[in-house]
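The listed protein sequences derive, respectively, from chains R, Y, Z, V, U and G.
According to the numbering used here, the first sequence holds residues 1 to 136 in order.
According to the numbering used here, the second sequence holds residues 1001 to 1136 in order.
According to the numbering used here, the third sequence holds residues 2001 to 2136 in order.
According to the numbering used here, the fourth sequence holds residues 3001 to 3136 in order.
According to the numbering used here, the fifth sequence holds residues 4001 to 4136 in order.
According to the numbering used here, the sixth sequence holds residues 5001 to 5136 in order.
Structure first, commentary second.
6 protein chains.
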Amino acid sequence: MRISAYRCEHFNAAHRLHNPAWDDDTNRAVFGLCNNPNYHGHNYELEVKVSGEIDPDTGYLIDLKLLSDLIKSEILLPFDHKNLNLDVPEFSQLNPTAENIAVVIWQKLRTQLPDHYDLSVRLYETPRNFVEYSGG
Amino acid sequence: MRISAYRCEHFNAAHRLHNPAWDDDTNRAVFGLCNNPNYHGHNYELEVKVSGEIDPDTGYLIDLKLLSDLIKSEILLPFDHKNLNLDVPEFSQLNPTAENIAVVIWQKLRTQLPDHYDLSVRLYETPRNFVEYSGG
Amino acid sequence: MRISAYRCEHFNAAHRLHNPAWDDDTNRAVFGLCNNPNYHGHNYELEVKVSGEIDPDTGYLIDLKLLSDLIKSEILLPFDHKNLNLDVPEFSQLNPTAENIAVVIWQKLRTQLPDHYDLSVRLYETPRNFVEYSGG
Amino acid sequence: MRISAYRCEHFNAAHRLHNPAWDDDTNRAVFGLCNNPNYHGHNYELEVKVSGEIDPDTGYLIDLKLLSDLIKSEILLPFDHKNLNLDVPEFSQLNPTAENIAVVIWQKLRTQLPDHYDLSVRLYETPRNFVEYSGG
Amino acid sequence: MRISAYRCEHFNAAHRLHNPAWDDDTNRAVFGLCNNPNYHGHNYELEVKVSGEIDPDTGYLIDLKLLSDLIKSEILLPFDHKNLNLDVPEFSQLNPTAENIAVVIWQKLRTQLPDHYDLSVRLYETPRNFVEYSGG
Amino acid sequence: MRISAYRCEHFNAAHRLHNPAWDDDTNRAVFGLCNNPNYHGHNYELEVKVSGEIDPDTGYLIDLKLLSDLIKSEILLPFDHKNLNLDVPEFSQLNPTAENIAVVIWQKLRTQLPDHYDLSVRLYETPRNFVEYSGG
């Protein structure tokens, strides 16, 4: 009885896309408006997918309340209403693109989730731009 | 030309999460508000995915009108505006978690769908909590 | 500077539509599937609109965090994961149609909201069926 | 034949809520996480409502393509991918709450829209927090 | 107890915007891509708002099932999967802009709805372009 | 660091489902309202998924602005506000079902996308009917 369960959460954050190894013109050419030195921001929608076997005692794959609490403590607390570049240590040297944010979220949740679950995260930067990372 | 086609339907139902093998305190501790003996309810959104080959005569994988009719007769008729615990025989002994409801829906549709189609179901209990089951 | 601010919340509840002054056939004829004696349920989406003047010190009409807290204590705590007919005293004698639920919500919030604010509530029973009540 | 037509656009921006007349503790107490000195951000959804008479020659109230162009030049160009506090002159002395942003947007569009149209703007800061301003 | 109730329905139709009193260049200049002589199309979302007093016997303003049936017979049957210009008599001489479609829908529903109800219709041509008509 | 990135775009088009090898009665029996000789139409929502490795210099899998430009030039320019049967050469002999439209879109994008990216497209004909094609 292999199944997947999903929990969605959201956070609001500022960020700036920038590669410090490049000069300003290259950064502006590659990242466009996203390179604004004063930052811009998004309502990030996060969809966390956990896969595994249904527990016959509960009928749950995982208690989504506990998954929600995990996302809150590991991701929302450090990311929500923050400046990803300045306030979140993982992005002090890593460009906070949607791709890199999704990888960081996956890594942070992976270390807290029991090994018998598979994990995938989807991150919406806008309703029309989003990414998905499943490890590997 | 392997493709997937999806049809979404919805039903409104009451349910209660409860394991009769446990005492009341354990049930409340595990299922929380969902253990309310008087039931609560949801607008369930059901997304049915069928996969296979495009029919060159019609350009269809499957006539989604026929898939919709199948979902209506097999799922909506017995589930919609019902109490899943009391009115739906499949849940007389099975806890109606989103996971178990999705498995029951998959099994009911699988027996009616021609073998050359693959089948997967996604069930939204709320916009932020949902599950996906593909058999096996 | 008259403006309106909105805060959305949701709750999941079971209910049954029934008029005890009528016989069973009349109830079934009028309320159809909604008359199921075992109840059914919904994800209710609640949109609360408050109107008034912007406070020049804060730039807020009302702190939406405080409005959210008020909705939680007055509405979600007594309604969420409940059976409206059995668990909510306001509906022990009042049929819990979307219209009547909206009126009850409005009355409960109105008594807690300072008089200088106008109030309106919109209640979605499903994405396609909803009501709006502004008092009076 | 009085009718209303709506056009929706969006922009992504960073902001910080802060009253420079208050000390830091008061700002944090009133604005909470929104007072983060490093800013946070949102996907703002803007819904512009124009009301008036249908033009019998076109069957339009207003050409929504022209309304969209007006919103782009007046609002999206100066606001999108910007820091509202630092990059937008209207908020150099005005706290960029959703309420104040909506008022500024209304004022900027009002000066460009012919007088025979009525104007109202709705601004979503998140899907669950939004404001509406119609002048006056 | 004055309240409003809403019912949403949808239809899919082709249309072309064109003023036969103008030459082709003017039509193309005014209506742009919407003037394509081979037509284009939309998923129209229709939101019907009815206002009045709650019936104390039912707790309903109006039975939304009956309102849905009325919309189906008056609007969906003649409009759905049709070419508005060619298949719908009301648009044989009237340009099927969203504004004019909304007015026609309002007029058709108004004649069928009891006088003690107020009526308003909102028509989405796309999620970002929509109109609202309340008569008068 | 294998990841997927998604970009959503939309187009509005008219179409008719019809198999010229069949007589009119068969076409009507198979395609129902979709066989209307005067066409009907849809707001098509297109979700393009690209998979591959994150570029360590940009933190991007692919610049979604460039992907958006590619979709615009290859798909929206020829499809938007068009009659798929009459205006789009790919459907002069091919029935424009959602399945076939998705295959054509995939093929057109595949020839323009660098080989090291995998590609999948999802096409919504309505919010409740959609298809997905990943090649092969």
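Where is the CB? At the ideal position from N, CA and C, for every residue including glycine.
Looking at the strands, I want to know which residues DSSP matches up with residue i.
i, result
"R:N27", "R:N27 is not bridged to any residue."
"G:N5043", "G:N5012"
"R:I3", "R:G52, Y:Y1133"
"Y:N969", "Residue 969 of chain Y lies beyond the range of chain Y shown here (1001 to 1136); nothing can be said about it."
"G:K5082", "G:A5013"
Tell me whether residue i counts as near the ligand ZN, meaning its Cβ is closer than 8 Å to at least one heavy atom of that ligand.
i, result
"G:S5134", "Among the components of this structure there are no ligands whatsoever, and the ligand ZN is therefore not found."
Output the boundary residues of the beta strand (DSSP E) element that contains residue i.
i, result
"Y:S1120", "1118 to 1126"
Hey, how far is the Cα of residue i from the Cα of residue j?
i, j, result
"Z:E2053", "Y:R1028", "45 Å"
"V:A3005", "U:Y4124", "10 Å"
"Y:Y1133", "R:V131", "22 Å"
"V:T3097", "Z:Y2060", "7 Å"
"R:R7", "R:I105", "14 Å"
"R:D57", "Y:A1102", "17 Å"
"V:T3111", "V:A3014", "26 Å"
"U:R4122", "R:R128", "25 Å"
"G:D5115", "G:E5047", "19 Å"
"G:N5043", "G:Q5107", "21 Å"
"U:N4085", "Y:E1090", "50 Å"
"U:Q4093", "V:D3055", "15 Å"
"Y:I1062", "U:E4009", "25 Å"
"Y:F1079", "Z:D2024", "22 Å"
"Y:L1070", "G:E5045", "25 Å"
"Z:F2031", "Y:N1038", "21 Å"
"U:A4021", "G:T5026", "40 Å"
"V:T3126", "Y:E1074", "38 Å"
"Y:L1113", "Y:R1002", "17 Å"
"V:L3152", "V:K3049", "No answer is possible for residue 3152 of chain V: it lies beyond the span of chain V, which begins at 3001 and ends at 3136."
Let me confirm a value: residue i is counted as buried when at least 16 other C-beta atoms fall within 10 Å, else exposed. Which label applies?
i, result
"Y:G1136", "exposed"
"Y:L1109", "buried"
"Y:K1072", "exposed"
"Z:R2016", "buried"
"V:D3087", "buried"
"Y:L1077", "exposed"
"R:S120", "buried"
"V:L3066", "exposed"
Terminal residues of the continuous alpha helix (DSSP H) containing residue i?
i, result
"V:T3111", "3098 to 3112"
"V:I3075", "Segment: none, V:I3075 is in no alpha helix (DSSP H) and carries neither H nor E."
"R:S68", "64 to 71"
So residue i packs on residue j, CB below 8 Å; how close in whole Å?
i, j, result
"G:N5012", "U:H4040", "5 Å"
"G:N5095", "U:N4083", "That belief does not hold up - the Cβ atoms of G:N5095 and U:N4083 are roughly 18 Å apart, past 8 Å."
"V:Y3117", "V:S3051", "7 Å"
"Y:C1034", "Z:H2018", "In fact, because the Cβ distance is near 24 Å, the residues do not count as touching under 8 Å."
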